[in-house]
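Notes for the one structure printed next.
In this note's numbering, the protein residues as written are 361 to 499.
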């Protein structure tokens, strides 16, 4: 039998992750406002910050970070994380990752507003540019 610990021991978690029963590497998918989106291969003791760094870092004006995970019982974990580059490994703001995790780096409110303005004004700016070009050739 295995006795239950009264207090969490992070060193045991790391030790278990490094055992030969677990693969040495995991694959996670990261997308959104990072330099390089896609499936990345990381150490089995990698954290959220490791994945963001491996992906080239967050782009300017990025928004919230969402970690998605399918738990062993089939339930889905969706957690919003406050990013801190200096967070210690295994903390709420820098959790250890698991095989198959999905990381979404969202857009900031400023980026969303800019995209809407661009979408609304692009037909008008195209028309204005066409008129200006027409006037240049008719002079």
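Where a beta carbon is used, it is the ideal one built from N, C-alpha and C, also for glycine.
Please list the terminal residues of the continuous beta strand (DSSP E) segment that includes residue i.
i	result
residue 427	422 to 430
residue 419	That residue, residue 419, is in no beta strand (DSSP E); it is neither H nor E in DSSP.
residue 446	Note, residue 446: premise wrong, no beta strand (DSSP E); not H, not E.
residue 467	462 to 467
Roughly how many angstroms lie between the CA atoms of residue i and residue j, to the nearest whole one?
i	j	result
residue 432	residue 393	29 Å
residue 448	residue 478	39 Å
residue 495	residue 391	44 Å
residue 484	residue 441	39 Å
residue 498	residue 490	12 Å
residue 384	residue 415	19 Å
residue 464	residue 417	13 Å
Does the distance from the CB of residue i to the CB of residue j come in under 8 Å?
i	j	result
residue 400	residue 458	no
residue 429	residue 437	yes
residue 466	residue 412	no
residue 409	residue 366	no
residue 456	residue 450	yes
residue 419	residue 397	no
Tell me, please, which residues DSSP counts as bridged to residue i.
i	result
residue 436	430
Is the closest heavy atom of the ligand MN to the C-beta of residue i under 7 Å?
i	result
residue 440	The ligand MN is absent from the structure shown, which contains no ligands of any kind.
### Query
Which full runs of the beta strand (DSSP E) of 3+ residues lie inside the segment 385 to 421, going along the chain?
Complete beta strand (DSSP E) runs here, min 3: 385 to 392, 398 to 403.
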